[in-house]
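Novice: Quick one: the structure is below, questions incoming.
Following this line, the structure appears as structure tokens:
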């Protein structure tokens, strides 16, 4: 910022580098003109260097991250809990099926049958509520994002080009 001070002690903003918008430079000029500087025998030009700390230059002008509604976060937790039940449920259900196949190979061991049924039932007991939680959580997330007017990510298939691409869709 370059300031001109005359012999009477009146200060005037001459220029700024880089050039600031008119409303900002006008505000600075008003503040500088209101300064009472001591009278001197001659005028002078003074250069002031201001360093502003804060956001890096690359982040200036970028919008803040979106603030999702509370329903989004509860839906996300619900979906994650569902996935957390689906994974071990699928593993146990699959192991139960493999053990059941082992029983049909050797039918003399009835203990294998009960083990297979128990492991499969435990897997199913985890798998069914996990699927329900994951689906309901996803629906809650989508509903919250539509209410907040956030773009909905998706995958679209183009049958003409036989290709798939990601999409962002807004619903109004």
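Numbering (this note's numbering), first residue to last: 782 to 953. For every residue, glycine included, the Cβ atom is placed at its ideal position computed from N, Cα and C.
#1: Would you please verify whether the beta carbon of residue 918 is less than 8 Å from any beta carbon of chain C?
#2: Do the segment 921-930 and the segment 851-860 meet, that is, are 3 or more Cβ pairs less than 8 Å apart?
#3: Note down, in chain order, each residue of its chain lying with its Cβ closer than 6 Å to the Cβ of residue 817, except the 5 sequence neighbours on either side.
#4: According to the neighbour-count rule (16 or more other Cβ atoms, all chains shown, within 10 Å of its Cβ), is residue 915 buried or exposed?
#5: Tell me the DSSP secondary structure of residue 944 in three-state form.
#6: What residue does the beta strand (DSSP E) around residue 784 start on, and which one ends it?
#7: Could you pull out every residue in the same chain whose Cβ sits closer than 6 Å to the Cβ of residue 890, ignoring the five residues on either side in sequence?
#8: Under 8 Å, with one C-beta from each stretch per pair, do the segment 854-868 and the segment 877-895 reach the 3-pair mark?
#9: Taking just the CA atoms, how far does residue 802 sit from residue 793?
#10: With 16 as the cutoff for other CB atoms within 10 Å, does residue 786 come out buried or exposed?
#11: Residues bridged to residue 794 by DSSP?
#12: Excluding the five sequence neighbours on either side, which residues of its own chain have a C-beta within less than 8 Å of the C-beta of residue 797, listed in chain order?
Specialist: According to the structure shown:
#1: The structure shown contains no chain C, having only a single protein chain.
#2: yes
#3: none
#4: buried
#5: strand
#6: 783-786
#7: none
#8: no
#9: 17 Å
#10: buried
#11: 784
#12: 782, 783, 806, 809
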